[in-house]
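In our numbering, the protein residues as written are 4 to 144. Here a beta-carbon is modelled for each residue, glycine too, at the ideal position from N, C-alpha and C. Everything below concerns the one structure shown next.
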Amino acid sequence: MFRATLKLPMETNEQPFIPSADFDYIKHFLRILGYQGSLENVSAFFTKTLAQLWHTMFKVFNRCLTSMLISHDQTKINVLQIFHDVINKVHVDYASLLWWVFVHFVQQKKNVIQYPCFTKLIIAYIMEKYESVPKRLNDIK
């Protein structure tokens, strides 16, 4: 569903997906971007120590990919992976990264909607794929 709705890349024989970067590689990448803070683990990452351009970009990624409301929430590894992969144009399976977190939140029965910015896209995709779904509440028989 994510792949079709967001028009994410497909894996082909000529261009297979590669695994997403691990945290050690991401630490090196963040240092290249000018990150000045401590990076012992993912939860030690704070956006305020990134250079302004990357700080703003990461905040956009974080807000789109999570339901975080304040900036002091812990960053998840998948957000750092997607940030790294998009910046470097890495051919990874973005749909599986997104789907893994979505399923994880459903299994934990969280009271928040994961990926709130994608909700309209997902609903539009389902409405387009399943024409029997009524478009208006009044259309329900």
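- For residue 48, no alpha helix (DSSP H) encloses it, and the DSSP letter there is neither H nor E.
- Residue 99 and residue 39 have their alpha carbons spaced roughly 31 Å apart.
- Residue 66 and residue 50 have their C-alpha atoms some 12 Å from each other.
- Assigned with DSSP and collapsed to three states, residue 24 falls in coil, not helix or strand.
- In chain order, 83, 87 place their CB closer than 6 Å to the CB of residue 29, counting only its own chain and leaving out the 5 sequence neighbours on each side.
- Under a 10 Å Cβ-count criterion, residue 133 is classified as exposed, with fewer than 16 other Cβ atoms of the shown protein chains found around its own Cβ.
- When secondary structure is reduced to three states using DSSP, residue 96 falls in the coil class, being assigned neither helix nor strand.
- Comparing C-alpha distances from residue 36 to each of 127, 16, 91, 20 shows the shortest one belongs to 91.
- A buried status is given to residue 23, since no fewer than 16 other beta-carbon atoms sit within 10 Å of its beta-carbon.
- Sequence-distant Cβ neighbours of residue 94 in its own chain, meaning closer than 7 Å and more than five residues away, are 12, 18, 20, 21.
- The C-beta separation of residue 42 from residue 48 comes to about 6 Å, placing the pair in contact by the 8 Å criterion.
- The C-alpha of residue 78 lies about 32 Å from the C-alpha of residue 130.
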